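One structure is given below, encoded as structure tokens.
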Amino acid sequence: MSYKILISDPLNDDGIQPLLDRDDMLIDIQTDLTDEQLLEIISNYDALLVRSQTQVTRELIEKGVNLKIIGRAGVGVDNIDLDAATENGIIVVNAPNANTNSAAEHTMAMMMSLSRKIPQAYASLKSKRWERGKFLGTELKGKTLGIVGLGRIGAEVAFRAKGQRMNVIAFDPFLTEEKAEQMGVQYGTFEEVIQAGDFITVHTPLLKSTKHLINADAFKQMKDGVHILNCARGGIIDEEALYDAVVSKKVAGAALDVFEEEPATDNPLLELPEVIVTPHLGASTVEAQENVAVDVSHDVIQFLEEGSVQNPVNLPSVPKEILSKIEPYFHLAEKLGRFLSYLTEDVIRGVNISYSGDLTDVEVAPLTRNAVRGLLRRYHGIHINDVNALYLAERKDITVNENKTMNAKGFTNLINIEVTTDSGKHQVAGTLLNGLGARIVKVDHYRVDVTPEGHIVFIYHNDQPGVIGKMGNLLGEHDVNIATMQVDRADVGGDAVMLLKVDKDMKEDTLTVLEQLEEIKAVRTINL
Ligand SMILES: NC(=O)c1ccc[n+]([C@@H]2O[C@H](COP(=O)([O-])OP(=O)(O)OC[C@H]3O[C@@H](n4cnc5c(N)ncnc54)[C@H](O)[C@@H]3O)[C@@H](O)[C@H]2O)c1
Ligand SMILES: O=C(O)CC[C@@H](O)C(=O)O
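Here full-length UniProt numbering is used: position 54 in the sequence shown is 54, and no number is missing along the way.
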């Protein structure tokens, strides 16, 4: 199997070497494509790798009918329509740790440039002027740095600012007073941080909730002569409000690496001498560019080969040690879901998945995704996967619940899936037997013992003499070879089931003949 990978933004050559080294991956580097050209060719590719230039829109994703993975060589994924990727079952990965250091260093470089007016002084002397009186700076030592967003980069900036002997106060919705104390920073609310800062730097993602977080009202609350930094994302600061605050001298200076619209060559803020700028260079170091490209390349290879990734954006990541514990159950969960999908012909309203025994100790969400994938696979074919399984269930108004119980009914581990339909409930349970692999051990209320693979005929019938022989003869006449047969019943003479493993999928006419037998209530042919 070979894969085609399109790289549509410039990525570091050494970083993509792991991809270039592969004989089974065809790498196409085309960094000058227009949007139209990209739309035309995207269906040829299994993977797309971008930085922040390529706009990965819904239209592009929908045209990318063969796309399986989108890799963002960097942190921010605001150039990728994540909902569209999830809906289309495409995993998005990024490189969240690879440029943290560079972005933090860039923030510090901007802060020092801002405090000592280095860009302005540089421009002045380069135009042959010697203006020593014009560029009076301010020390960082003893000043308060307000950090909004104390994630990876915010925390690195805090650490470096303390090295400059600044006082650091930070706000982040996930920051507790204890954590702040451990990090040696003062804990504050958003208002406390913006009111206390001599310098204020933002390090949040751009979200609906952070768009224009720093707006006219926020500027009003700040100290006079405050310095503002944004090396995170354009749009976190309201640029019009910043412009007014600089002109009115409320803000003494601002350092911006990112802008609401990029490239930002026409931005009015460029006219203001107090505003220093770089063209989105936070991650532009040799090290960061190599790191981000290496990280996404590895995830693309790992995903195409094994179906797992280190840095998923639209799927919760599972730590390696947990993954190794639950991986053996992936197949079982998917097969149980698949088995169940054949038991009911009615619209499924709800799914309840119980995990017991050894499974009570582990994170089971990935198993739930696999079970739902199996359940819906009959209706969505290959278009359903881990990424969109829960989304597609939700779109079909199917409620998915998972729970854990101690009672594994004598097994060391047990997964029980129950579906509710308008006409009733069906359930199937399975286990991993030590050394013997996966087994389905219960279907509805009946005990069975069957490996979840191959062709199965499941028959609901009346418990009465002669049924088994009749069925065997009839299948023989229709050239159906029975590999194994199991029966169980609710009560003597009551409801009963028969589970047959057969060598090949049963033909439609055989099924019709079976269904016409008066002892038979229903027949399900199941292909696992
Ligand atoms: N300039 C560049 O080239 C460059 C390079 C790398 C990253 N970035 C950007 O820097 C930003 C931070 O990246 P990171 O890796 O540290 O991300 P991160 O996810 O580690 O940290 C973001 C933090 O923001 C916090 N947050 C979210 N909403 C908030 C709010 N309303 N108020 C306060 N805090 C809030 C989150 O809780 C989180 O701790 C992102 O926008 C990223 O895209 C820019
Ligand atoms: O690709 C880039 O250089 C931008 C990177 C940066 O903004 C990020 O979010 O990682």
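Just so it is clear, CB atoms sit at the ideal spot from N, CA and C, and this is done for glycine as well.
Note that the structure is predicted; figures quoted are calculated from it, not measured.
Inset, instruction - Determine the direct distance from the alpha carbon of Y391 to that of T360, and round the result to whole angstroms. - result: Each residue's alpha carbon lies about 25 Å from the other.
Inset, instruction - Please determine, among G476, A170, E105, the residue with the shortest C-alpha to C-alpha distance to D198. - result: Nearest option by C-alpha distance: A170.
Legend entry - beta strand (DSSP E) segment containing F199, residue limits: In this chain, the beta strand (DSSP E) harbouring F199 covers 199 to 202.
Inset, instruction - May I ask you to check if the CB of R165 is nearer than 8 Å to at least one heavy atom of ligand 1? - result: No, Cβ of R165 sits at least 8 Å from all heavy atoms of ligand 1.
Legend entry - Per DSSP, cross-strand counterpart(s) of N44: Secondary-structure assignment with DSSP links N44 through no beta bridge to anything.
Legend entry - residue 539, DSSP secondary structure in three states: The structure shown does not extend to residue 539, since the chain is modelled only from 1 to 528, so the question has no answer here.
Legend entry - For L414: DSSP bridge partner residues: In DSSP, L414 forms a bridge with S356.
Inset, instruction - Using only the heavy atoms of ligand 2, determine whether one of them is closer than 8 Å to the beta carbon of V296. - result: No, since every heavy atom of ligand 2 falls outside the 8 Å radius drawn around the Cβ of V296.
Inset, instruction - Check whether the stretch 352 to 367 touches the stretch 400 to 413, taking contact to mean three or more Cβ pairs, one atom from each stretch, closer than 8 Å. - result: The stretch 352 to 367 makes contact with the stretch 400 to 413; the number of CB pairs closer than 8 Å reaches 3 or more.
Legend entry - Where the beta strand (DSSP E) through Q486 begins and ends: Under the DSSP assignment, Q486 falls in the beta strand (DSSP E) whose first and last residues are 482 to 489.
Inset, instruction - Count the other C-beta atoms from every protein chain shown that fall within 10 angstroms of the C-beta of Y379, then say buried if there are 16 or more, exposed otherwise. - result: Per the 10 Å Cβ criterion, exposed.
Inset, instruction - Have a look at L145 and I27 and give me their C-alpha separation to the nearest angstrom. - result: L145 and I27 have their C-alpha atoms spaced approximately 45 Å apart.
Legend entry - Residues bridged to L49 (per DSSP): According to DSSP, L49 bridges with I7, G71.
Inset, instruction - Confirm, please, whether the CB-CB distance from V502 to I482 is below 9 Å. - result: A contact, by the Cβ cut-off of 9 Å.
Inset, instruction - Can you give me the Cβ contacts of E59 inside the same chain, cut-off strictly under 8 Å, excluding the 5 residues immediately before and after it? - result: Around E59, the same chain offers L39 as residues with beta carbons nearer than 8 Å, after the five sequence neighbours per side are excluded.
Legend entry - Spatial distance of residue 569 from L367 (CA atoms): What the structure shows of the chain is the stretch from 1 to 528, and residue 569 is not part of that stretch, so it cannot be assessed.
Legend entry - DSSP state of M1 mapped onto helix, strand, coil: Correct three-state label for M1: coil.
Inset, instruction - Under 6 Å Cβ to Cβ from I237, same chain only, skipping five residues before and after it: list those, please. - result: Sequence-distant partners of I237 (beyond 5 residues in either direction) whose C-beta falls short of 6 Å from its own C-beta, in its chain, are I214, N230.
Inset, instruction - Examine ligand 1 and report whether any of its heavy atoms sits within less than 8 Å of the Cβ of S284. - result: Result yes, Cβ under 8 Å from ligand 1.
Inset, instruction - Pick out whichever of G133, T204, H106 has its Cα sitting closest to the Cα of G76. - result: Cα-wise, what sits closest to G76 is T204.
Legend entry - As assigned by DSSP and simplified to three states, the class of A522: Annotated three-state conformation of A522 is strand, per DSSP.
Legend entry - The beta strand (DSSP E) enclosing L270, as first and last residue numbers: That residue, L270, is in no beta strand (DSSP E); it is neither H nor E in DSSP.
Legend entry - For K325 and V296, believed in contact at Cβ under 8 Å, the rounded distance: Wrong, their Cβ atoms sit about 27 Å apart, outside the cutoff.
Inset, instruction - Indicate whether G235 and K211 have their beta-carbon atoms separated by less than 9 Å. - result: Judged by their CB atoms, G235 and K211 are nearer to each other than the 9 Å cut-off.
Legend entry - Neighbour-count burial assignment, K126, 16 or more Cβ in a 10 Å radius: Counting Cβ neighbours within 10 Å, K126 comes out exposed, since fewer than 16 surround it.
Inset, instruction - In the DSSP assignment, find the unbroken beta strand (DSSP E) run with I153 in it and report its ends. - result: Here I153 belongs to no beta strand (DSSP E); instead the alpha helix (DSSP H) covers 152 to 163.
Legend entry - Same chain, Cβ closer than 7 Å to E260, five either side skipped, listed in chain order: Once the five neighbours on either side are set aside, the close Cβ partners of E260 are G234, G235, E239.
Legend entry - Beta-carbon proximity list for H478, same chain, < 6 Å, skipping 5 on both sides: If the five residues before and after H478 are omitted, its C-beta is found closer than 6 Å to the C-beta atoms of T510, all from its own chain and listed in chain order.
Legend entry - Given 8 Å, three or more beta-carbon pairs between the stretch 290 to 310 and the stretch 261 to 277: No, because fewer than three Cβ pairs between the stretch 290 to 310 and the stretch 261 to 277 fall closer than 8 Å, the two stretches do not touch.
Inset, instruction - Tell me where the alpha helix (DSSP H) around F303 begins and ends. - result: Start and end: 286 to 306.
Inset, instruction - With a threshold of 8 Å, establish whether the CB of D9 neighbours any heavy atom of ligand 2. - result: Yes - ligand 2 has a heavy atom lying nearer than 8 Å to the Cβ of D9.
Inset, instruction - Give the straight-line distance between the Cα atoms of E418 and H445, rounded to the nearest whole angstrom. - result: It is roughly 11 Å from the alpha-carbon of E418 to the alpha-carbon of H445.
Inset, instruction - Classify T278 as helix, strand or coil using the three-state DSSP reduction. - result: Looking at T278 - three-state DSSP - the assignment turns out to be coil, as it is neither helix nor strand.
Legend entry - 9 Å Cβ cutoff met for D372 and G424: The sequence given here has Val at residue 372, not Asp. It is not a contact, given that the beta carbons lie outside the stated cut-off.
Legend entry - 6 Å CB neighbourhood of E164 in its chain, flanking five on each side removed: Here the sequence assigns Gln to residue 164, which means Glu is not the residue at that position. Counting only Cβ-Cβ distances below 6 Å, and skipping sequence neighbours, we find L140.
Legend entry - C-alpha gap between L499 and A365, whole angstroms: Distance between the alpha carbons of L499 and A365 is about 30 Å.
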